Structures are given as C-alpha cells and as structure tokens.
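A.B. asks: Just so it is clear: in the sequence shown, position 576 is 576 by UniProt numbering, and no numbers are missing. For reference, the structure I am asking about is given below.
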Amino acid sequence: MILLQCVQLSKAYGTDEILSNVKLEIKSRERVALVGRNGAGKSTLLKIITGELSYDSGDLIIPKEVEVGYLAQDSGLNSSRSIWDEMLLVFEPLKKMEQKLRKLEEKMSDPDRSDFEKILEEYDQLQQDFKDSGGFQYEADIRSILSGLHFSNFDYETPIHSLSGGQKTRLALGKLLLSAPDLLVLDEPTNHLDIQTLTWLEQYLSSYDGSILIVSHDRYFLDRVVDNVYELSFQKTVKYPGNYSKYLEEKALRHEQEMKIFEKQQGEVKKLEEFVQKNLARASTSNRAKSRRKQLERMDLVNRPKSEDQSANFRFNIDKQSGNDVLMIDDLSVGFDDTTLFENIDLKLNRSESVALIGPNGIGKSTLIKAIAGNLKPKNGTIRYGSSVTIGYYDQEQANLTSNKTVLQELWDDYPQTNEKDIRTVLGNFLFSGEDVLKTVFDLSGGEKARLALAKLMMQKANLLILDEPTNHLDLDSKEVLENALIDYPGTLLFVSHDRYFVNRMATRVVELSANSMKSFLGDYDYYVAKKEEVAEFKRLADEKIAASTSSVDKSFDKHSKTDYQQDKENKKKERQLQRRIEEIEKKVEQEEASVLRLEEELGDPLINQDHEKTMELNKQLEHSKEAIESLLEEWELLQTEE
1 MILLQCVQLS
11 KAYGTDEILS
21 NVKLEIKSRE
31 RVALVGRNGA
41 GKSTLLKIIT
51 GELSYDSGDL
61 IIPKEVEVGY
71 LAQDSGLNSS
81 RSIWDEMLLV
91 FEPLKKMEQK
101 LRKLEEKMSD
111 PDRSDFEKIL
121 EEYDQLQQDF
131 KDSGGFQYEA
141 DIRSILSGLH
151 FSNFDYETPI
161 HSLSGGQKTR
171 LALGKLLLSA
181 PDLLVLDEPT
191 NHLDIQTLTW
201 LEQYLSSYDG
211 SILIVSHDRY
221 FLDRVVDNVY
231 ELSFQKTVKY
241 PGNYSKYLEE
251 KALRHEQEMK
261 IFEKQQGEVK
271 KLEEFVQKNL
281 ARASTSNRAK
291 SRRKQLERMD
301 LVNRPKSEDQ
311 SANFRFNIDK
321 QSGNDVLMID
331 DLSVGFDDTT
341 LFENIDLKLN
351 RSESVALIGP
361 NGIGKSTLIK
371 AIAGNLKPKN
381 GTIRYGSSVT
391 IGYYDQEQAN
401 LTSNKTVLQE
411 LWDDYPQTNE
421 KDIRTVLGNF
431 LFSGEDVLKT
441 VFDLSGGEKA
451 RLALAKLMMQ
461 KANLLILDEP
471 TNHLDLDSKE
481 VLENALIDYP
491 GTLLFVSHDR
501 YFVNRMATRV
511 VELSANSMKS
521 FLGDYDYYVA
531 KKEEVAEFKR
541 LADEKIAAST
551 SSVDKSFDKH
561 SKTDYQQDKE
571 NKKKERQLQR
581 RIEEIEKKVE
591 QEEASVLRLE
601 EELGDPLINQ
611 DHEKTMELNK
621 QLEHSKEAIE
631 SLLEEWELLQ
641 TEE
C-alpha cells in the first residue's frame, strides 16, 4: 500500500525557489531517509507533508485512513502535566474503554437484570476489543519507552515544565512513538540522544510496524534503519535504494557514468563541429558538411552532470610538534559546588593519538574536557601537559563567539597581524564569501557558527585539539570534510562525540567515562562495541552458570534427608571455591589485557622502536602476556564445564 506520494511538488518564497517538481513515494513498512545539504529544503518538505506548510504546485497524496505523526527538529513538550499523565494522553480511547468496562461490570453484578445477557455480550465484545487494542499492556509500553529514552530513574510525577530542553525533546519523541502512527516523520530525531539511547532507538525503529521518513545527519543511524534514500539537491529529489552507505556508492557511480556519457557526446559534438568548419566552404564536401550540421542541430544534448554545491576546504596544521607525553591526568575529581560528577579519574595521552571520550548524557564528558582545556578548575587531582603542548579547544555551544561582531571581525580581532585578504581567504575556505563575512554572529545558523568556530580553531595551529561534539550542526558533506582534515592532522586529538560514524572513523582509542572509573579500548568504535558485547556475554554466561548451580543445589537439598546435610554443605563449599577461582581468573585476564595494551602503546613509541634490545624485551613481555591470557581462558572454560 502507498502511504504517501509527492508528485511534482514545488515551493518558493518570493523569487527564491526551494523545491521544484519534487517526487517522493513511501509504501507500507518502508524506512526512507531524506538527505541533502543544510538549506536544501528538507525540513520545508517535511512540513509540507505534515500540513504545516502549503505548496505552490503539484500533488500531495495521503489516503484518508493513513495517520501521520511528526516530530519537528528540536521540538519539545510544553506541558504542565507530569511525565506519566502526558504519556497517558496517547491512550485516552483505551482509558475510556476501560471505564466503560468497569461500568458494565457494575451492571453485571446484578444477574437478575432483564438485559443481563445483552450486557454480558456487550462486555465480552468490548473486552476483546480492549485486549486487541493493547489495553492490557499500554502501561507496560509507556514504561518501556520511558526506559529506552533514559527516564527510568525519573519520578514519573515530575512536571514536564521542570525538565531541560533536551529532556522535553526526548519526551516528545517518546509520546510520538507510543501513538504508533502509520507514517512516522522524524526531523533530526537523534539530537540530544547519547549513544546508548541511539542504539535503543535504532532497534525500536527497525521493528516498527509502520513506515518511517527520516531526516538525520547521523550516518551510523541511517545505515542501520533505512532501506531507501531520497537525496534533495538542486530543488529536486533522486531516489537511491539501500541504506546511506549504499547511497554514497550508487551516487558516485551514477555521477561517473553520467560524466562519461557527457564527455563522449562532447567528443562527438567537437568532431562534427570541426568537420563542418573545415568542409562547409568546399564545393566537393559542402553537402556532407551541411548534413553534419543538421545532425548537430537534431542532437539531444546532455547537460554536464551537476556537481554538489561548493564544499568547505580546510586542514589543520601545527606550529610545533609536542613531546611524546601530551597529557597526564591523575586522581581527578570534577564537579560544581557540592556535586561531584566523577572522581578518581586517570588518563594519559600520547602524541598522535586520536581518543574518543564517550559515556551517557550527564556523566560529565563536556565538563571533563573543559577542565582539561583549562576552562574549569577541578576539585581534586592533577592535570599535567607535556613539553611544547599547545591547546586548541572547540566548544559545542560556541561560547567563544561574540554575538554582536561580524564574521570578519570575529576572526580578524583574534589575529590582527594577519592582513584582511588572508582573513577573507580563510573564511572563504569555510564557505563565507562576499557579503557573508559582514553578517553578525547572532544572525548565523547553527551550521554557520560551527564553521566559524572551526575557522578560528584552524588559525590557532595547536598541537592538541580538544573537541566537544564537533559534528553538531554540520551537514553530511561538512562532516566528511572535517573528518578528512582531522585524519591528516599531525597533532593529538581528544574529542567527545555522539556521532558513531565519526568516532569509528577518527578514533584510535575509545575511552568510556563512568562516575568513578575510566576504561580504555584500543581501537575504533566497532571494536569498542564488540568488546562490550563480549564482556556482557561473558557475564551472562557466568550468571547463568551460577543460577543453574544454585537452583540445582537448592533442589538437591529439598530431596536430601538430614543425614545428607553435611554432604550438601560440602558441595556448596566447592561451588563457592569454584566461583572464587573463576572470579580470580577473570581479574587476572583483565590485568593481562591491560598489560598487553600498555606494551602495545610502548612498542608504538618511535623512540623505543630505535632501541632494538628494548623492543625485543617488550615483545617477549607481550608474548608472555598473550600466552597467559590464553592459558587463563582455557582454565576458565574448563571450570565452566565443571560447574
């Protein structure tokens, strides 16, 4: 069934054409992404589809029975109700059915009524309808959604108006998901979500019964949710089957093929034109030349394939390289007033590392890097920098931008010794050209402010970049440019990001922050996920073994007589000893894995690589640790079978 059709839709604001002859179709259970640069008209098209905006021409076809649910970008709930009462509004029809059931039950308490059979029949039918509509599980559904969106620790009687903007946006998403419309229209639903919540949302949408239309700059999210992509570019849409990665491949292939067709035709045109020019004046070849000229006039000329609009073009350089030890953090505690966000944190950064700092929202990631950048005084512990370290800090809130300055002044005031031409060249590389440089910072969009902040960061030429959500507000193309610039960066990176695609491409190490610990994973985001799953599975299997053993012992004890009590006691003692040994092995494996990580880091040091004897010794230690891990795991598996 087709739920939505856009046929030759057009929209303009005065002489500014936003959409021109747009085509889009969504069928039952399809997951469709709408992608394009900032300002391409994606949000405008969504608002037309959901009836918030009118269109100038074309047709928008949505069957009457199709329910459309819409989550606008950064739209939060504004309500005086509690969290629970607001979610209950979705199920108002079910609550009315429930009230009617209660009234029928009261009537059924009198079996002598003349209409008792009729009431009984009505009750049976209403109860079945109530069950089919989810009447016995809607409260469980509410709790499930609230838990997935990280509200499980909240008092559900909390008034919504007391929540933060990000929390209100998450609640708006939760309410929409509970309403389960036939077509979900989501504009940047991943804003304000941490990685754990993003993963939950991906799983939820993947099993959603309805259809979905999504605008998102989260490439990891799109890859896992959508099965079709519409690109909105040059006011028109082009459809690509598959997820986002498949779209990129297909788009590049199409452009290459179109360019070949164009170039081939241009070659033919050139030959024909040359023939006409050389032979038209000759009597012997004039007729053939005229024939070629007519052939040229009849040709359906192919236009040169349009390339994307201009992309930003920049790279990060450094004035001077740092020493090998870049950052040393020992026993760090950070917080505000009487609140401590985290404590006892240790971290070390080496030159040329690219370290991603991840963790749930509110754990203190941004606060930590503010402390590292020197913008916040820690409560306890030390932060030391290596020799020749210079810091460049990117604040996701762009607090270092001055709202009443122009774009040109914002950059030039920081570097007054640089001439205006060079400043304008830098701004041009970040897509500020002509009159754009005279805009005030206050009037810039989120993406423009992000590009201006990156321009200021580039000019610093620092050898340690500390970045807080650098991909926020950037469109997909700008993210790609930023990634390429950072991959070529010769310094050291420490960054916070919820963009898993960005983390996966940039990180050489992932550091997970919790309230009282920090764990390092030597690898990219995919490695981090695989390792976390491995640990979770390891724990699950161990818990199952313990539960099975405990259950077995309990059942055995019930069957035994009092004379068998000592034997049962001995069995339990052996069980405890076995479990203690398993726990000891698990701790030793963790220690050896930490040794492997440390040794691999030392072997990656260029100074150590020049010392042949030291390298051989470290390799021996590394081999010994790996053999120890293998031996311990073999014993662990054997003990598991003994349980």
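Each residue gets a CB set at the ideal place from its N, CA and C atoms; glycine is no exception. Since we're looking at a predicted model, the values are computed, not measured.
Under the rule that 16 or more other beta-carbon atoms within 10 Å means buried, what is SER561, buried or exposed?
C.D. replies: Any reading at SER561 must be qualified, since the residue scores a pLDDT of 49, below 50, and its modelled position is unreliable; the value itself is stated next. Exposed, because fewer than 16 other Cβ atoms sit within 10 Å of the Cβ of SER561.
A.B. asks: Taking Cβ positions, are GLU353 and ARG509 nearer each other than 8 angstroms?
C.D. replies: Taking 8 angstroms as the Cβ cut-off, GLU353 and ARG509 qualify as a contacting pair.
A.B. asks: Enumerated in chain order, which unbroken segments of the alpha helix (DSSP H) with a length of 4 residues or greater are wholly contained in the segment 41-110?
C.D. replies: Runs found: 42-49, 83-88, 92-108.
A.B. asks: Could you name the residues that DSSP lists as bridge partners for THR340?
C.D. replies: Looking at the DSSP assignment, THR340 forms a beta bridge with GLY335.
A.B. asks: Would you kindly report the start and end of the unbroken beta strand (DSSP E) that includes GLU157?
C.D. replies: GLU157 -> no beta strand (DSSP E), and no H or E assigned at all.
A.B. asks: Buried or exposed for LYS168, going by 16 or more other Cβ atoms inside 10 Å?
C.D. replies: By the neighbour-count rule (16 or more Cβ atoms within 10 Å), LYS168 is buried.
A.B. asks: Would you decide whether VAL496 is buried or exposed? Buried here means 16 or more other CB atoms lie within 10 Å of its CB.
C.D. replies: Burial call: buried.
A.B. asks: Give the DSSP bridge partners of SER233, in chain order.
C.D. replies: Looking at the DSSP assignment, SER233 forms a beta bridge with LYS236.
A.B. asks: Cα-Cα, which of GLN577, ASN228, GLY148, ASP611 is closest to PRO360?
C.D. replies: Closest by alpha carbon: GLY148.
A.B. asks: Once the 5 residues before and after LYS175 are set aside, which same chain residues still bring their CB inside 8 angstroms of it?
C.D. replies: Only LEU77, GLU86, MET87, LEU89, VAL90 meet the Cβ criterion.
A.B. asks: For LEU149, would you say it is in contact with chain D, using Cβ-to-Cβ distances shorter than 8 angstroms as the test?
C.D. replies: Among the chains of the structure shown, chain D does not appear; only one protein chain is present.
A.B. asks: Evaluate the contact criterion for the segment 298-306 versus the segment 459-472: three or more CB pairs, one atom per stretch, below 8 angstroms.
C.D. replies: Too few Cβ pairs lie closer than 8 angstroms, so no.
A.B. asks: Three or more C-beta pairs closer than 8 angstroms, one from the segment 267-286 and one from the segment 238-245: is that the case here?
C.D. replies: Judged by Cβ distances under 8 angstroms, the segment 267-286 makes no contact with the segment 238-245, as fewer than three pairs qualify.
A.B. asks: Let me check understanding here. Comparing Cα to Cα, which of LEU280, ILE629, GLU600 lies closest to MET616?
C.D. replies: Ranking the options by Cα distance to MET616, first place goes to GLU600.
A.B. asks: Do ASN516 and GLU343 have their C-beta atoms closer together than 8 angstroms?
C.D. replies: Contact: yes.
A.B. asks: For LYS27, which residues does DSSP report across the bridge?
C.D. replies: LYS27 pairs with ILE2.
A.B. asks: Decide yes or no for the touch test of the segment 316-325 against the segment 375-391: beta carbon pairs closer than 8 angstroms, at least 3 of them.
C.D. replies: Flag = yes, the segment 316-325 and the segment 375-391 touch.
A.B. asks: Touch check for the segment 4-12 and the segment 54-61: three-plus C-beta pairs under 8 angstroms?
C.D. replies: As far as the Cβ criterion goes, the segment 4-12 touches the segment 54-61, which means the pair count is three or higher.
A.B. asks: Judging by CA-CA distance, which residue of GLY134, SER79, LEU368 is the nearest neighbour of LEU94?
C.D. replies: Nearest of GLY134, SER79, LEU368 to LEU94, Cα basis: GLY134.
A.B. asks: Ignore the nearest five residues each way along the sequence and tell me which others in GLN266's own chain have a CB closer than 8 angstroms to its CB.
C.D. replies: So no residue of the chain qualifies.
A.B. asks: Are there 16 or more other CB atoms within 10 angstroms of the CB of ILE61, so buried, or fewer, so exposed?
C.D. replies: When all chains shown are included, ILE61 counts as exposed.
A.B. asks: Does the distance from the CB of VAL334 to the CB of THR367 come in under 8 angstroms?
C.D. replies: Yes, they are a contact pair.
A.B. asks: Can you list, in chain order, the stretches of the beta strand (DSSP E) that have 3 or more residues and sit fully within the segment 468-549?
C.D. replies: Entirely contained in the segment 468-549, the beta strand (DSSP E) runs reaching 3 residues are, in chain order, 492-496, 509-513, 518-521.
A.B. asks: Below 6 angstroms CB to CB, which residues in the same chain sit around LEU522 once its five sequence neighbours on both sides are set aside?
C.D. replies: Cβ within range, chain order: ARG509, LEU597.
A.B. asks: At a cut of 8 angstroms, does the segment 401-415 reach the segment 451-464 through at least three beta carbon pairs?
C.D. replies: Verdict: yes, contact present.
A.B. asks: Quick check on the burial criterion: 16 or more other C-beta atoms within 10 angstroms. Buried or exposed for GLU635?
C.D. replies: Classification of GLU635: exposed, given that the 10 Å Cβ count is below 16.
A.B. asks: Let me make sure I understand the geometry here. Which of ILE26, ASP331, ALA312, LYS588 has the alpha-carbon closest to that of ARG37?
C.D. replies: Among ILE26, ASP331, ALA312, LYS588, the Cα nearest to that of ARG37 is on ALA312.
A.B. asks: Figure out for me which residue from ARG351, ARG384, ASP194 has the closest Cα to the Cα of LEU607.
C.D. replies: For the residues ARG351, ARG384, ASP194, the minimum Cα distance to LEU607 belongs to ARG351.
A.B. asks: Buried or exposed: THR237, going by 16 or more other Cβ atoms within 10 Å of its Cβ?
C.D. replies: Buried.
A.B. asks: I'd like to confirm the pairing. Which residues does DSSP put opposite ARG384 in its beta bridges?
C.D. replies: Paired residues: MET328.
A.B. asks: For the alpha helix (DSSP H) containing ALA140, list its first residue and its last residue.
C.D. replies: It spans 138-148 - the alpha helix (DSSP H) in which ALA140 sits, taken as one unbroken run.
A.B. asks: So within the segment 378-422, which uninterrupted alpha helix (DSSP H) runs reach at least 4 residues, ignoring any that extend past its ends?
C.D. replies: Correct list: 407-412.
A.B. asks: Alpha carbon to alpha carbon, what distance is there between ILE585 and GLU231?
C.D. replies: One C-alpha to the other measures close to 53 angstroms.
A.B. asks: Identify whether ASN429 lies in helix, strand or coil by the three-state DSSP scheme.
C.D. replies: Helix at ASN429.
A.B. asks: Should the segment 96-112 be regarded as contacting the segment 144-158, the criterion being three or more beta carbon pairs within less than 8 angstroms?
C.D. replies: At 8 angstroms Cβ cutoff, the stretches do not touch.
A.B. asks: Would you kindly work out how many angstroms separate the C-alpha atoms of LEU357 and SER514, rounded to a whole number?
C.D. replies: Whole-angstrom Cα-Cα distance: 11 angstroms.
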